[in-house]
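S.K.: Dumping the structure here so I can ask a few things about it.
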Ligand code: UN1
């Protein structure tokens with residue numbers, strides 16, 4: 001069966017019949033290039049926002065723990081449909097089976113996190129300088145949240161945002177990547193089951209908008225949407241940020257990464273090799289946390305590259321549906337062209353391809369992951385190419401390695417492999433890694449949802465999922481209550497009338 005037909009069968013099973021099809025957004029599986037037809041776009045985007053605003057008026061009145069109940073039910077429905085949704089992620093985004101399942105597990109994890117959060121949206125009480133006064137800080141629902149998501153985590157990123165937004169009292173409008181509308185439709189069908197069981201959720205609490213770039217731009221410009229959470233390229237994020245800032249809206253950006261690993265002479269190389277392989281070639285190098293730069297001490301570079309070469313030469317690249325496969329396809333032929341072009345530029349800029357880079361199918365989207373030794377962090381190294389290319393650079397002094405790690409425009413994830421406490425702690429210090437995520441003896445990808453996820457500089461500065469990332473989805477209100485019979489003014493100001 002073609003990947004597209006299998007995807008169609010899963011959608012049917014989830015209750016999404018012919019109504020989904022007959023539009024102009026052609027879907028194509030990267031697995032075998034098959035197409036199941038064209039998906040129908042959302043035609044009245046304005047009505048979507050109107051419904052969302054109306055839903056907000058009701059949802060903000062529902063107690064937060066009750067809102068959490070909806071997310072708990074979503075978690076149950078996701079557990080029940082885990083295999084189907086994961087399979088669809090494999091068919092539509094090309095992830096290997098284990099990573100497809102991992103993506104849905106990430107959604108389930110964030111549901112659990114958000115359910116707990118629904119009873120922990122803590123504010124503060126503050127001492128007032130005025131007698132008989134209370135001051136407190138309360139977190140209120142914000143309003144409709146627009147989630148713009150990318151193809152590489154076609155469903156988990158929605159869940160990180162939607163689960164938090166829903167417990168925070170905010171309706172959600174989801175504009176998924178044009179490359180992955182089917183997983184979005186399936187996720188929404190699963191959410192609809194949770195909503196049906198919940199009983200009294202307002203209509204339009206969570207809506208899906210299928211469409212292209214202009215649709216996203218129109219939504220981002222709408223002043224009725226106080227928060228736009230966008231995941232994708234730095235170029236897209238800058239455009240969204242400017243549109244949202246022009247109307248003084250809030251944006252939460254999770255953009256490109258250019259993640260490095262520093263390997264020191266004391267590093268456990270067995271562990272390093274495994275961590276490098278997973279983070280550089282996992283998801284075919286299409287995570288924003290993928291390892292792109294390997295900064296190795298000069299004394300161990302040859303030995304490490306030799307070991308990596310061996311591992312890369314036997315990497316099972318191929319159909320992600322097969323259980324032995326570790327590297328599936330790139331998302332489309334444009335990504336393949338990007339891979340080829342970056343390798344050509346790397347060679348022009350003095351790089352030497354140590355392994356990989358050749359196509360597995362000449363006209364298709366399957367490639368052999370590449371390792372390229374670079375003389376310096378040239379222009380191509382500073383750029384995030386969304387494909388499995390690992391640039392290797394060497395250093396002789398640890399300070400120099402940290403400076404190299406920080407010397408790129410992006411600031412998402414980073415890590416060091418070392419057995420030295422001094423090096424590890426320096427890496428995690430104020431003069432260490434400048435990224436939003438910094439790890440020791442773990443690769444840069446595969447973060448858990450409990451921590452705040454996001455990064456600095458060109459990565460956009462947003463934080464999603466864990467820790468106190470929920471605060472971005474709420475409105476902070478400072479409240480002062482006078483329970484005395486006087487009306488003293490702050491700062492001792494006198495104003496008697
Ligand atoms: C992304 O690549 O857009 O840390 C997100 C990770 C995943 C999320 C990646 N938990 O790799």
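In full-length UniProt numbering, the protein residues as written are 1 to 497.
Glycine included, each C-beta is placed from N, C-alpha and C at the ideal position.
Per DSSP, residue 415 is paired with what?
M.R.: Answer is 261, 439.
S.K.: Using only alpha-carbon positions, find the residue among 127, 28, 142 that is nearest to residue 36.
M.R.: The shortest Cα separation from residue 36 among 127, 28, 142 belongs to 28.
S.K.: Between residue 129 and the rest of its own chain, which residues show a CB-CB distance below 7 Å, the 5 nearest in sequence each way excluded?
M.R.: 490, listed in sequence order.
S.K.: Pairing CB atoms from the stretch 51 to 59 with CB atoms from the stretch 201 to 215, are three or more of them under 8 Å?
M.R.: Enough Cβ pairs lie closer than 8 Å, so yes.
S.K.: Can the beta-carbon of residue 370 be found less than 8 Å from the beta-carbon of residue 359?
M.R.: Not closer than 8 Å, so no.
S.K.: Can you tell me the Cα-Cα spacing of residue 134 and residue 143, whole angstroms?
M.R.: The alpha-carbon atoms of residue 134 and residue 143 are separated by roughly 27 Å.
S.K.: Can you list the beta strand (DSSP E) stretches of 3 or more residues lying completely in the stretch 338 to 366, in chain order?
M.R.: Counting only runs of 3 or more, we get 352 to 355.
S.K.: Under the criterion of a Cβ to heavy atom distance below 7 Å, does residue 288 qualify as lining the ligand UN1?
M.R.: Residue 288: yes, Cβ under 7 Å from the ligand UN1.
S.K.: Do you know whose CA, among 278, 320, 455, lies nearest residue 32's CA?
M.R.: When each option's Cα is compared against that of residue 32, the closest is 320.
S.K.: Would you kindly work out how many angstroms separate the C-alpha atoms of residue 414 and residue 132, rounded to a whole number?
M.R.: Looking at the two C-alpha atoms, the distance is approximately 50 Å.
S.K.: If you follow the beta strand (DSSP E) that residue 470 is in, where does it begin and where does it stop?
M.R.: Counting along the chain, residue 470 falls outside any beta strand (DSSP E), and DSSP gives it neither H nor E.
S.K.: Which residue marks the beginning of the alpha helix (DSSP H) containing residue 136, and which one marks its end?
M.R.: Where residue 136 is concerned, there is no enclosing alpha helix (DSSP H), although the beta strand (DSSP E) it sits in stretches over 133 to 141.
S.K.: Using CA atoms only, rank isn't needed, just tell me which of 274, 141, 305 is closest to residue 227.
M.R.: Ranking the options by Cα distance to residue 227, first place goes to 141.
S.K.: Start and end of the beta strand (DSSP E) containing residue 22?
M.R.: Its beta strand (DSSP E) spans residues 21 to 27.
S.K.: Does the ligand UN1 have even one heavy atom less than 7 Å from the beta-carbon of residue 15?
M.R.: Incorrect: residue 15 has no Cβ contact closer than 7 Å to the ligand UN1.
S.K.: From which residue to which residue does the alpha helix (DSSP H) around residue 395 run?
M.R.: Residue 395 -> not in any alpha helix (DSSP H); beta strand (DSSP E) instead, spanning 389 to 395.
S.K.: Spatial neighbours of residue 509 within its chain, please: C-beta separation below 6 Å, excluding the five flanking residues on both sides.
M.R.: Any question about residue 509 goes unanswered here, given that the chain covers just 1 to 497.
S.K.: Please state whether DSSP places residue 153 in a helix, a strand or coil.
M.R.: If DSSP states are grouped into helix, strand and coil, residue 153 belongs with coil.
S.K.: Going by C-alpha distance, which of 339, 214, 331, 271 is nearest residue 154?
M.R.: Nearest of 339, 214, 331, 271 to residue 154, Cα basis: 331.
S.K.: Measuring from the CB of residue 152, is there a heavy atom of the ligand UN1 at a distance below 7 Å?
M.R.: Correct: residue 152 has its Cβ closer than 7 Å to the ligand UN1.
S.K.: Measuring only the C-alpha atoms, how far is residue 19 from residue 40?
M.R.: Taking the straight line joining both Cα atoms gives about 8 Å.
S.K.: Run the proximity test for residue 466: is its beta-carbon closer than 7 Å to any non-hydrogen atom belonging to the ligand UN1?
M.R.: It does not: the Cβ of residue 466 is nowhere closer than 7 Å to a heavy atom of the ligand UN1.
S.K.: Less than 8 Å between the beta carbons of residue 292 and residue 391, yes or no?
M.R.: Taking 8 Å as the Cβ cut-off, residue 292 and residue 391 qualify as a contacting pair.
S.K.: Going by DSSP in three states, residue 120 sits in which element: helix, strand or coil?
M.R.: Looking at residue 120 - three-state DSSP - the assignment turns out to be coil, as it is neither helix nor strand.
S.K.: If you compare alpha carbons, which of 178, 313, 174, 187 is closest to residue 77?
M.R.: The residue with the shortest Cα to Cα distance from residue 77 is 187.
S.K.: Excluding the 5 residues preceding and the 5 following residue 411 in the sequence, name in chain order all residues of the same chain whose CB lies nearer than 6 Å to its CB.
M.R.: The residues are 434, 435, 455, 456, 457, 459.
S.K.: For residue 96, which residues from the same chain have a beta carbon less than 6 Å from its beta carbon, with the 5 sequence-adjacent residues on both sides left out?
M.R.: Only 320, 325, 328 meet the Cβ criterion.
S.K.: I want to know whether the stretch 9 to 23 touches the stretch 160 to 168 - three or more CB-CB distances under 8 Å.
M.R.: Verdict: no, contact absent.
S.K.: Would the stretch 296 to 304 and the stretch 465 to 479 be scored as touching if the rule is three or more Cβ pairs under 8 Å?
M.R.: With a cut-off of 8 Å, the stretch 465 to 479 and the stretch 296 to 304 do not count as touching, because too few Cβ pairs lie within range.
S.K.: Could you tell me which of 317, 237, 88 sits nearest to residue 2, measuring between CA atoms?
M.R.: Among 317, 237, 88, the Cα nearest to that of residue 2 is on 88.
S.K.: In angstroms, rounded to a whole number, what distance separates the CA positions of residue 368 and residue 256?
M.R.: So the two alpha carbons sit approximately 22 Å from each other.
S.K.: Under 7 Å from any heavy atom of the ligand UN1, does the C-beta of residue 446 make it?
M.R.: Because some heavy atom of the ligand UN1 lies under 7 Å away, the Cβ of residue 446 counts as near it: yes.
S.K.: How many angstroms separate the CA atom of residue 500 from the CA atom of residue 384?
M.R.: Examination of residue 500 is not possible in this model, given that the chain is present from 1 through 497 alone.
S.K.: Which stretch, first to last residue, makes up the alpha helix (DSSP H) that contains residue 11?
M.R.: Run containing residue 11: 3 to 13, per the alpha helix (DSSP H) assignment.
S.K.: State the DSSP-derived secondary structure class of residue 182, mapped to helix, strand or coil.
M.R.: Three-state DSSP puts residue 182 in a helix.
S.K.: Should residue 170 be labelled buried (16 or more other beta-carbon atoms within 10 Å of its own) or exposed?
M.R.: Counting Cβ neighbours within 10 Å, residue 170 comes out buried, since at least 16 surround it.
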